[in-house]
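Have a look at the structure below before the remarks.
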Amino acid sequence: MTHDPQLARLGLFDARVPRYTSYPTAPHFGTSIGASNFVQWIEAIPEGSEISLYLHVPFCRRLCWFCACRTQGTTSDNPVIAYVETLKTELALLQDHLPRGVRLSRLHWGGGTPTLLSADLMHALAQAIYDVAPMAEGGEFSVEIDPNEIDDARLDALASAGMNRASIGVQDFDPLIQKAIGREQGYALTRDVAERIRARGVTSLNADILYGLPHQTGPRIADSVQKLLTLSPDRVALYGYAHVPWMSRRQQMLPSNAMPTPQERLDLFETARQLFLWDGYAEVGIDHFAKPDDGMARAQRAGTLKRNFQGYTDDPAKVLIGLGASSISRFPQGYAQNASGTAEHTKAIRAGQFSTHRGHSFAGEDTLRGRIIEALMCDFAVSRAELLANFDTTTDRIDALFQTAQAGFGSMLEETEDGLLIPERARPLTRMIARAFDAYDGAQARHSSAV
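In numbering that gives the first Met the number 0, the protein residues as written are 0 to 450.
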């Protein structure tokens with residue numbers, strides 16, 4: 000993939016667009032969705048279904064300056080202990096409404112830093128989850144692991160609880176860049192933690208690495224990627240750093256004069272991309288890579304790859320329930336988000352109700368447009384036949400949507416016998432092309448760079 004002059008002409012280096020981990024995106028959620036909707040949607044899950052469960056732990060020992068997640072720092076275990084008790088109460092509430100026979104196809108602990116829980120808290124939380132719903136056969140239990148905040152006792156606890164996929168945040172191995180983003184984490188430490196994870200029988204390892212960080216250059220990101228490849232991760236998320244200081248004040252700590260330009264960001268991505276491809280990884284969507292035998296690579300080949308709030312997934316479940324402060328749930332009926340602050344969330348749970356405070360109920364063309372956007376983000380193609388088979392729409396309406404989008408991108412969006420195709424040279428434009436199918440007012444929210 001090389002720089003096509005049309006990328007600049009179409010505004011790639013100036014655009015700010017959503018990442019489309021949902022449709023509509025979270026800024027368009029409204030307060031008309033509350034706890035009663037959340038309960039109704041849970042109770043509507045068919046008995047015996049497989050669902051996904053996400054638990055958010057919003058605490059960190061130290062706050063990384065680059066991070067824009069909902070997190071809070073703590074040097075004491077007391078708020079963490081109290082929060083786990085809130086999660087256990089929330090799980091009991093869920094059990095009161097969850098239909099019989101539901102099992103977990105995916106269980107994910109994210110944050111924040113879920114590994115700052117003690118081994119005893121990990122055991123207790125896992126048991127509380129399995130009391131509500133057991134893992135399905137072939138299910139995955141994944142945990143985000145901070146190499147700076149893990150030890151053998153906690154790794155043993157996670158392994159005994161059934162963790163079979165671990166995710167390590169790397170960001171970048173260069174000491175200058177680590178210092179600039181407030182995340183100092185040596186390569187030797189990261190390698191050691193990866194080895195200790197695998198020694199406990201956890202064979203699936205994910206890693207996150209960022210491009211677009213301050214002081215990043217081609218040689219520096221190449222060095223970091225090559226170090227990461229020595230760990231042989233099964234999946235890699237190559238995320239573009241989202242500089243959104245209006246949302247995350249801590250990002251103001253980063254040196255703005257050392258940020259790469261949008262054109263340089265694309266070069267950084269391409270450098271890293273080529274290294275992953277040369278090492279035999281399959282390219283998955285716009286920013287993921289996986290070993291060819293990994294479930295995510297298989298899902299893309301089979302056309303079953305999906306997109307959710309964690310990025311790309313091979314999870315077939317139609318329902319994702321998010322527990323904990325700020326978590327978002329996805330149902331066939333719409334989205335529901337918990338209160339963002341831990342105090343507000345805890346107050347609701349202790350009062351015996353879910354903290355749902357905003358969300359979105361699907362209406363009109365939401366699901367049709369959402370599927371078009373997901374197909375573009377996952378497969379770089381949309382099938383007219385699939386849309387006609389699964390949605391209440393017509394050929395004329397689909398063609399009208401296709402033609403409107405194509406008019407803005409010319410040869411960068413090709414018409415095929417069965418729909419639309421984003422050619423390889425145009426893939427940096429994927430999020431912009433997806434936006435052409437977004438019926439909501441983009442001016443209501445400020446997004447990250449399109450590159």
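Note that beta-carbon positions come from the ideal geometry of N, C-alpha and C, so glycine has one too.
Please read these numbers as outputs of a predicted model, since none were measured by experiment.
DSSP assignment within the segment 327-370 yields the following whole alpha helix (DSSP H) runs of 4 residues or more, N-terminal first: 341-349. For the pair Thr189 and Pro146, the CB atoms are nearer than the 9 Å cut-off. The DSSP-derived three-state label of Arg105 is strand.
Of the residues assessed, Leu375 falls on the buried side of the cut-off, its CB having 16 or more other CB atoms within 10 angstroms. A residue is called buried once 16 or more other Cβ atoms fall within 10 Å of its Cβ, and Ala281 is buried on that count.
Counting along the chain, the unbroken beta strand (DSSP E) around Glu136 starts and ends at 134-144. Across the structure, Ala118 and Ala81 are spaced so that their CA atoms are roughly 15 Å apart. Per DSSP, reduced to three states, the secondary structure at Asn147 is coil, with no helix or strand assignment. Boundaries for Asn77: no beta strand (DSSP E) harbours it, while the alpha helix (DSSP H) harbouring it runs 77-96, taken from the DSSP string. In this structure Trp108 is buried. Its beta-carbon is surrounded by 16 or more other beta-carbon atoms within 10 angstroms. Taking the Cβ atoms as the reference, Leu175 lies roughly 42 Å from Leu103, outside the contact range of under 8 Å. Following the DSSP letters along the chain, one finds Ala380 inside the beta strand (DSSP E) bounded by residues 380-382.
Cβ atoms of Leu276 and Leu6 stay farther apart than 8 Å, at about 20 Å. DSSP places Thr30 in the coil class of the three-state scheme, outside both helix and strand. By DSSP's assignment, Val201 forms no beta bridge with any residue. Here DSSP, grouped into helix, strand and coil, assigns Glu385 to helix. Apart from sequence neighbours up to five positions away, the residues of its chain that approach Gly33 with a beta-carbon distance below 6 Å are Thr355, ordered along the chain. Around the C-beta of Gln273, fewer than 16 other C-beta atoms lie within 10 Å, and the residue is accordingly described as exposed. In the three-state DSSP reduction, Gln299 falls in the helix class (H, G or I).
Excluding sequence positions up to five before and after Val381, its CB lies within less than 7 Å of the CB of Ile371, Ala374, Leu375, Gly418, Leu419, all in the same chain and listed in chain order. For the set Asp378, Ala193, Pro331, the Cα lying nearest the Cα of Gly358 is the one of Pro331. Asp171 and Arg234 have their alpha carbons spaced roughly 16 Å apart. Contact between the segment 389-404 and the segment 42-50 is not established, with fewer than three Cβ pairs separated by less than 8 Å. Setting aside the 5 residues that flank it on each side, Gly302 is surrounded in the same chain by Asp378, each with a C-beta closer than 8 Å to its C-beta; the list follows chain order. By the neighbour-count criterion, in which a residue is buried when 16 or more other Cβ atoms sit within 10 angstroms of its Cβ, Ser255 is exposed. Note that the C-beta distance between Pro232 and Ile167 is below 9 Å.
The C-beta distance from Val450 to Arg264 rounds to 5 Å, short enough to fall under 8 Å. Here the alpha carbon of Asp222 sits roughly 20 Å from the alpha carbon of Lys290. Per DSSP, His214 has no beta bridge partner at all.
Taking 9 Å as the cut-off, the Cβ atoms of Cys59 and Thr20 do not count as close. Between Cys63 and Ala324, the alpha-carbon positions lie close to 19 Å from each other.
The Cβ atoms of Leu157 and Thr114 lie closer than 9 Å to each other. For Phe288, the enclosing beta strand (DSSP E) starts and ends at 287-289. In this structure, the straight-line span from the alpha carbon of Met431 to that of Leu212 is close to 22 Å. When the five nearest sequence neighbours on each side are left out, the beta carbons in the same chain lying within less than 7 Å of the beta carbon of Ala384 are those of Asp417, in order along the chain. Counting C-beta atoms within 10 angstroms of its own C-beta, Gln402 has fewer than 16 neighbours from the protein chains shown and is therefore classed as exposed.
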